[in-house]
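Asker:
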Amino acid sequence: MILAKPVVDNQYWILKKDNRKIGQLELKENGNCIIKIHDNVVSYKTVKMAREAVGIQFEPAETATPLPPNLVYGHEVSGTVFNPLWEVKHRLPLFTREDKSKSWFAAGWYKVKQHRKWKLVQHPKLITLERYDYQGPFTSKEQANAESV
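Below, the structure written as structure tokens:
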């Protein structure tokens, strides 16, 4: 039995046999179905005809659990989040507040040293963290207060 694992829902599948990739199945816009196994390419009029001819069992599509809209890499953010990403250079969870904004904010709580004093800041701008010494990110205010400077 050949197992078809969906890649693009109702359009493209990877074909596996004994847990090894052996080919692909692609559904064209006109309804035709193309199966490529090793170097062989065969066309069928419908997916049902291909399934019966080759002996394919379709694996159900996985449903992804949507993340809460105000969560950035494990850090809760007040307000709406756009463009979440993990910034590798500074190891920070970043986001913007508007879709086309150029101002980046760091998710979480931080201790920032400005003018010889440490301040506790929630979601500071990235430019602030680039200019000053900081500790973080922390997931809560309590955790940030518990850490020593």
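Note that the working numbering numbers the sequence shown so that position 1 is 92, with each residue one more than the last.
Just so you know, even glycine gets a beta-carbon here, dropped at the ideal spot from N, CA and C.
Being a predicted model, the structure only gives us computed values, none of them experimental.
Please state whether the Cβ-Cβ distance between Leu185 and Ala197 is less than 7 Å.
Answerer: Yes; because the gap between Cβ atoms is below 7 Å, this pair is in contact.
Asker: Per DSSP, which one or two residues make a beta bridge with Ser134?
Answerer: BP columns for Ser134 point to Ile125.
Asker: Could you give the distance in angstroms between the alpha-carbon of Ser194 and the alpha-carbon of Gly170?
Answerer: Distance between the alpha carbons of Ser194 and Gly170 is about 15 Å.
Asker: Hey, Glu287 and Pro97 are a contact pair by Cβ (cut 8 Å); roughly how many whole angstroms apart?
Answerer: The displayed coordinates of the chain run from 92 to 240. Any statement about residue 287 would go beyond what the structure contains.
Asker: Check each candidate in Gly122, Asn123, Leu118, Val145 and name the one with the smallest Cα separation from Asn131.
Answerer: Of the candidates Gly122, Asn123, Leu118, Val145, the one whose C-alpha sits nearest the C-alpha of Asn131 is Val145.
Asker: Figure out for me which residue from Ser192, Asp224, Gln115, Asn174 has the closest Cα to the Cα of Arg142.
Answerer: Nearest C-alpha to Arg142: Gln115.
Asker: Once the 5 residues before and after Asn161 are set aside, which same chain residues still bring their CB inside 8 Å of it?
Answerer: Counting only Cβ-Cβ distances below 8 Å, and skipping sequence neighbours, we find Glu167, Val168, Ser169, Gly170, Thr171, Val172.
Asker: Do you know whose CA, among Asn101, Asp100, Ile93, Gln102, lies nearest Lys108's CA?
Answerer: Comparing Cα positions, the closest option is Ile93.
Asker: Please say whether Lys232 and Trp209 have beta carbons closer to each other than 7 Å?
Answerer: No, the pair does not count as a contact, with Cβ atoms beyond the cut-off.
Asker: If we ignore side chains and look at the alpha-carbon of each, how far apart do His214 and Asn101 end up?
Answerer: Going by the C-alpha atoms only, they are around 41 Å apart.
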